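Chemist:
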Amino acid sequence: MILRYLHAYLIGGLGTVFALSMASVSAEDLHIAVAANFTKPIKQLKQVFEGNSKHRVIISFGATGQLYTQIKHGAPFDLFLAADMKRPKMLVDDGMAVAESLLTYAVGKLVLWSPQALDLQANVLRLGKFNHLAIAHPKMAPYGTAAKQVLEKLELWQTLQGKIVRGNNVSQAYQFTATGNAELGFIALSQYKAIQGNSRGSHWIVPEQMYDPIQQGAVLLKKGQNNPLAKAFLAFLKSPLARQMIEELGYVEPNLS
70 MILRYLHAYL IGGLGTVFAL SMASVSAEDL HIAVAANFTK PIKQLKQVFE
120 GNSKHRVIIS FGATGQLYTQ IKHGAPFDLF LAADMKRPKM LVDDGMAVAE
170 SLLTYAVGKL VLWSPQALDL QANVLRLGKF NHLAIAHPKM APYGTAAKQV
220 LEKLELWQTL QGKIVRGNNV SQAYQFTATG NAELGFIALS QYKAIQGNSR
270 GSHWIVPEQM YDPIQQGAVL LKKGQNNPLA KAFLAFLKSP LARQMIEELG
320 YVEPNLS
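Heads up: the sequence shown is residues 70 to 326, going by this note's numbering.
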């Protein structure tokens with residue numbers, strides 16, 4: 070699949086455009102803080118963006134709240150790709166990010182997943198015939214906030230407290246479920262798409278009206294405002310090719326107009 074994207078990148082002229090925009094840049098590195106749900110997409114975007122250049126994209130993954138705290142304490146990131154718009158906007162308000170760079174790069178979808186063959190719907194949660202339900206921590210991860218909203222909508226948040234296990238981020242919620250430490254887990258659709266070919270499990274794409282939109286924001290940090298690679302990567306994120314890749318990997322395409 071990556072070869073197909075690389076071919077489109079070069080044939081479509083995007084490679085030439087970005088190569089020209091970075092022609093005067095030395096072999097500089099780009100450091101990006103990325104929300105855990107976006108692991109597979111950013112790895113593919115990184116491969117296409119780097120191409121055959123000498124530039125390196127260095128990625129640090131984590132819960133949006135954890136990454137925000139690291140940035141506030143001086144972590145040397147150039148870009149922040151969060152799982153919400155709240156934290157990037159807070160960094161702008163705090164004078165730590167460039168306001169005009171703020172954009173929604175993806176809109177996430179929430180999935181209830183089990184490696185077991187179950188008839189996954191809301192009724193599975195109501196029946197409660199499971200020992201553990203994995204979610205990302207609502208205070209740290211937007212996908213955890215969304216999972217909490219779904220359970221509150223079903224009036225199950227308090228009822229299931231004894232069965233909920235919280236991961237630091239949505240990747241950990243996935244790991245709890247994949248390893249059998251939880252029978253069910255709320256994960257990102259992009260995570261399910263990454264494993265569905267290797268798993269006979271079951272899933273329920275949660276109706277979007279059951280939780281607030283998971284609008285994922287990207288922003289240029291003040292530490293990276295003099296790094297041309299950071300601006301080039303933001304431009305790449307808005308390109309038709311990147312948007313196609315992001316959509317194919319389980320996200321709703323944002324309106325970038």
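Each residue gets a CB set at the ideal place from its N, CA and C atoms; glycine is no exception.
Treat the numbers as computed from the prediction; the structure is a model and nothing was measured.
#1: Helix, strand or coil: which one does DSSP assign to Gln285?
#2: Apart from the five residues just before and just after Lys178, which ones in its own chain have a Cβ nearer than 6 Å to its Cβ?
#3: Going by other Cβ atoms of all chains shown within 10 Å of its Cβ, with 16 needed for buried, is Asp162 buried or exposed?
#4: Which residues bound the beta strand (DSSP E) around Phe149?
#5: Give the single residue among Glu97, Gly120 and Ser129 whose Cα lies nearest to the Cα of Thr108.
#6: Got a sec, what are the start and stop residues for the alpha helix (DSSP H) Phe302 sits in?
#7: Per DSSP, which one or two residues make a beta bridge with Ala104?
#8: With distances taken from CA atoms, which of Ala299, Gln241 and Ala311 is nearest Gly131?
#9: Taking only the alpha-carbon atoms, compute the straight-line gap between Met209 and Glu97 and give it to the nearest angstrom.
#10: Counting C-beta neighbours from all protein chains within 10 Å, is the total for Ala168 16 or more, i.e. buried, or is it exposed?
#11: Figure out for me which residue from Leu148, His272 and Lys217 has the closest Cα to the Cα of Ala341.
#12: Restricting to Cα atoms, I'd like to know which of His100, Ala102, Pro110 and Ile101 is closest to Ala263.
#13: Can you give me the C-alpha to C-alpha distance between Pro184 and Ile256, rounded to a whole angstrom?
#14: Straight-line CA distance for Gln284 to Asn200?
#15: Tell me, to the nearest whole angstrom, how far the beta carbon of Ala191 is from that of Leu229; I am working on the premise that it is less than 8 Å.
#16: With distances taken between CB atoms, is the gap from Ala10 to Tyr280 smaller than 8 Å?
#17: Which residue from Leu220, Thr173, Arg195 and Asp188 puts its Cα closest to that of Leu306?
#18: Exposed or buried, what is Leu89 when buried is set at 16 or more other beta-carbons lying within 10 Å of its beta-carbon?
#19: In this structure, does DSSP put Glu252 in helix, strand or coil?
Modeler: Reading it off the structure:
#1: strand
#2: Leu258
#3: exposed
#4: Leu148 to Leu150
#5: Ser129
#6: Pro297 to Leu306
#7: Gly131
#8: Gln241
#9: 31 Å
#10: exposed
#11: Residue 341 is absent from the model: the chain starts at 70 and stops at 326.
#12: Pro110
#13: 12 Å
#14: 31 Å
#15: That pair is no contact at about 12 Å.
#16: Residue 10 lies beyond the stretch modelled for the chain, which goes from 70 to 326, so this question has no answer here.
#17: Thr173
#18: For Leu89, the predicted model reports a pLDDT of 37, less than 50, meaning its position is unreliable; a value from the coordinates is still stated below. Looking at its Cβ environment, which holds fewer than 16 other Cβ atoms inside 10 Å, Leu89 is exposed.
#19: coil
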